[in-house]
Amino acid sequence: MIVFSRGFPTGQRLDLTIQAIDIIAQKLHQKIPHTSAAPPFALPTDLILQLDAVVWNGTHCPVEPGSAVGSVTVMMMNPGTLPAPSGNVTAIGPNPLTAPSVTILYDNLSTLDRRPRAYKWGRSIGLCENLFAPGANPQNIAAVLFHELVHICGGNELDAEAFETFLFSGTGATDPDLDDWEAFRKRHWRGHWVHLTKQTNTRGAVKNNFGGALCTFDIAPSDQDADAKQQILQEAPSTSLG
Ligand SMILES: [Zn+2]
295 MIVFSRGFPT GQRLDLTIQA IDIIAQKLHQ KIPHTSAAPP FALPTDLILQ
345 LDAVVWNGTH CPVEPGSAVG SVTVMMMNPG TLPAPSGNVT AIGPNPLTAP
395 SVTILYDNLS TLDRRPRAYK WGRSIGLCEN LFAPGANPQN IAAVLFHELV
445 HICGGNELDA EAFETFLFSG TGATDPDLDD WEAFRKRHWR GHWVHLTKQT
495 NTRGAVKNNF GGALCTFDIA PSDQDADAKQ QILQEAPSTS LG
């Protein structure tokens, strides 16, 4: 993973991003059975391999769960002008030929009306200014960054939301918004690796293509878009029992 720190304001935002990469690596290490467990895994093998290549620079993380993750690579454009990266992340000099091929850029979108928190552009991920609003923590940034990584690996909106929730539920994942629900419907409730069924009028359940339960999306009554989301959910196929 390459962080083009030239675009980042120095200091906290870069630190938070580097911490977020570290969190993703640790989450993957906790959730992915690398050796002993039998398939089918909750995360599909081809997605794991792609995430591995990006986050762990193509090699399996050599450390044990719970210990420091040392193999995340951050490429500094101007290493001499920046604070040392925090935590256990290793900084190396620019080496575009051997570095993994996802680039993270900082994007100041203050001139746009509609301001996303992050987006994917080819093999790049833009992290936007409003992701770093006061109170932002590296968990939230990790969840957003991971969501965009799933898109880069070929996932559509349902895949990205489902795997984000699977890995970051309670620790940074955000509920699908109305645009997301519309995207689920538009793709006929299927992702590349997952599918959604209606469990109740306010709950969709997501399983992987082996039938393994990944997560549920609940529409809270307090949600300002609850009615519109529920209306969309009624069009989803129902869970077939038995
Ligand atoms: Zn998305």
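If you're matching positions, the sequence shown starts at 295 in this note's numbering and goes up one per residue.
C-beta atoms are modelled at their ideal positions from N, C-alpha and C, and glycine is treated no differently.
Residue environment, residue i, which counts as buried when at least 16 other CB atoms sit within 10 Å
i: W475; result: buried
i: T339; result: exposed
i: G427; result: Contrary to the premise, residue 427 reads as Ala rather than Gly in this sequence. With fewer than 16 other Cβ atoms within 10 Å, it is exposed.
i: D521; result: exposed
i: F302; result: buried
i: W554; result: No answer is possible for residue 554: it lies beyond the span of the chain, which begins at 295 and ends at 536.
Beta-carbon proximity check, residue i vs residue j, cutoff 8 Å
i: G420; j: L399; result: yes
i: L461; j: F478; result: no
i: E423; j: H441; result: no
i: A467; j: A514; result: no
C-alpha gap between residue i and residue j, whole angstroms
i: Q433; j: I317; result: 7 Å
i: V488; j: V444; result: 12 Å
i: L308; j: I435; result: 11 Å
i: K321; j: G485; result: 22 Å
i: Q344; j: L508; result: 19 Å
i: L452; j: Q324; result: 22 Å
i: Q524; j: A319; result: 35 Å
i: D469; j: I342; result: 23 Å
i: Y413; j: G448; result: 14 Å
i: K527; j: F504; result: In the sequence as presented, Lys is not what sits at residue 527; that position holds Leu. Spanning the two alpha carbons is a distance of roughly 22 Å.
i: T465; j: A314; result: 12 Å
i: D346; j: R481; result: 27 Å
i: E455; j: A336; result: 14 Å
i: I312; j: N450; result: 25 Å
i: W415; j: Q306; result: 24 Å
Own chain, CB closer than 7 Å to residue i, minus 5 neighbours either side, in chain order
i: D278; result: Coverage of the chain is limited to positions 295 through 536, which leaves residue 278 absent and any answer about it impossible.
i: K501; result: V488, H489, A507 and L508
i: L472; result: D519, A522 and K523
i: P410; result: C422
i: N402; result: E423
i: D517; result: K523
i: S463; result: C509
i: L425; result: R411, A412, I435 and V438
Contacting residues, own chain, Cβ-Cβ under 8 Å from residue i (five flanking each side not counted)
i: A430; result: L310
i: T533; result: T491, K492, Q493 and A499
i: A530; result: F478, R479, W483, L490, T491, K492 and G498
i: V396; result: M295, I296, V348, R417, S418, I419, L443 and I446
In DSSP terms, what residue i is bridged to
i: K492; result: G498 and S532
i: W415; result: S418
i: L399; result: G420
i: R484; result: H489
Residues with C-beta closer than 6 Å to any heavy atom of ligand 2, in chain order:
Absence of ligand 2 is noted for the structure shown, with ligand 1 being the only ligands found.
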